[in-house]
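Notes to accompany the following structure.
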Amino acid sequence: MSDDDNSPISARAAKQLFAEFKSAPALVLAVSGGPDSVALMWLAARWRRSLARGPELNVVTVDHGLRTEAAREAREVKRLATELGLAHRTLRWRGAKPTTGLPAAAREARYRLLAQAARSAGASHVLTAHTRDDQAETLLMRLLRGSGIAGLSAMARLSMRDGIVLARPLLDVPKSQLIATLKRARIGFVEDPTNRDASFTRPRLRALLPQLAAEGGDIRTFARLSARLARANAAVEVLTDGAERFLRLRDRGPAPQPGVRSFEASSFASLPEEVRLRLLLRAINAHGHEGPPELGKVEALLAALDQAVELSMTGRPRIGANDRTLLKQTLAGALISLAGGRIHIAPAPARRSKAGSRGE
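Residues 1 to 360 in the UniProt record's numbering are what the sequence shown lists, from first letter to last.
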């Protein structure tokens, strides 16, 4: 994009933003009515008109039912979409809303509804309007939570969600350029008041950005840091893929039971710590049934496992030691154990309810 963060996006630049989607059968554009998503819709419509053949564009607005103004904003998006010659649907998040963790729950509901809309429209991608500003804010939020390298990579340009490709074509575009684009085109937009609500984390961090920028930590710098961390994360993932192949080649033990991941403890111990951590994460995600585990809990498990492996390799042998279970823990619905010089990860037994344990 242009180095001038306040210049409108040209037709040529927009063509580059959307070029990879030219052969898609259909696309869903997630449009809330705010400046970022309205700019996404306007730029995509202009790009599509420049093509002899291209994907069908479907605009979807998700009404979370949290603000009375949302219905009116959805109607305004529909009006603009119709003017641009695009189909529009409004989807509503129905049912009870949680009293805590509302932003995360609303985000999950939005992506679920968007994926459903994509499948119904025969679309291969859902396009969202996340910008460079959003990327910087996401990095800061995850930094304060103590996220690992994968989390600090923030948002990827392309990712899979519910069988649909989630694409963020504006991820390297500053919000100021999108606003400049809409002003030149004389396209109106709304501002969601929750974006300034200090009861939520993201708006509070957003308010700090001018102070951080004065110290050299501007949005461009944070986005660049996120890209570099994403590059490092991709490299570690390649190393972890190689480590899995290494463990299989070095394995001289019996074939594991179906549904169980198993590898030699000594070979596992020879790998770098970050790689061992990711191997555990992969196995737990594959065999657990309670969702992704917290990184801190996996780190604690790895520390206990490393200690048990070291004991098994350096401790004084005793009768039956080779068959003794040196560690047995459950995490995120997976059972992790160390016995006979091997690490095993399998689905954990279902938890018994308190009522069931009393025989009621």
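A virtual CB, placed ideally from N, CA and C, is assigned to each residue, including glycine.
Quick caveat, the model's predicted, so the values are computed rather than measured.
Hey, residue i and residue j: beta-carbon distance below 7 Å or not?
i           : j    : result
L171        : V165 : no
A308        : L331 : no
residue 377 : Q135 : One cannot answer for residue 377 here, as it falls past the ends of the chain, which runs 1 to 360.
E73         : G101 : no
F263        : I179 : no
P35         : F189 : yes
A243        : L271 : yes
P8          : T181 : yes
G148        : L295 : yes
I345        : H287 : yes
F18         : W42  : no
Could you spell out the range, first to last residue, of the beta strand (DSSP E) harbouring residue i?
i    : result
D63  : 56 to 63
M155 : Neither: M155 is in no beta strand (DSSP E) and is coded neither H nor E.
Going by alpha carbons, who is nearest to residue i out of the options?
i           : options                : result
residue 361 : A44, K22, A24, P35     : It is not possible to answer for residue 361, since the shown part of the chain is limited to 1 through 360.
L249        : P272, F268, G85, L51   : F268
L127        : A74, T61, R67          : T61
L114        : L239, N6, T201, V31    : V31
A150        : R48, N233, R228        : N233
P169        : R161, H130, S153, V190 : H130
L302        : L86, D4, L327, P349    : L327
G163        : Y111, A265, G54        : Y111
R94         : S23, A105, R132        : A105
D218        : L139, L144, W47, L247  : L139
E137        : T99, S124, A123, S153  : S153
L311        : A334, L335, G341       : G341
A52         : K22, R79, T68          : K22
L229        : D241, L143, Q16, I284  : L143
Output the boundary residues of the alpha helix (DSSP H) element that contains residue i.
i    : result
I219 : 219 to 250
R282 : 273 to 287
T314 : 295 to 314
S120 : 102 to 121
L209 : 201 to 214
F18  : 11 to 18
DSSP beta-bridge partners for residue i?
i           : result
V28         : N58, V126
Q329        : I336
E264        : R342
P347        : A334
residue 420 : Residue numbering for the chain in the displayed model covers 1 to 360; residue 420 lies beyond these limits and cannot be assessed.
A87         : N58
R92         : D63
Assuming the contact rule is C-beta atoms closer than 8 Å, residue i and residue j should be a hit. Round their C-beta distance to whole Å, please.
i   : j    : result
N58 : A109 : Wrong, their Cβ atoms sit about 19 Å apart, outside the cutoff.
Between residue i and chain D, is there a C-beta pair that is closer than 7 Å?
i    : result
L182 : Absent from the structure: chain D. Only one protein chain is present.
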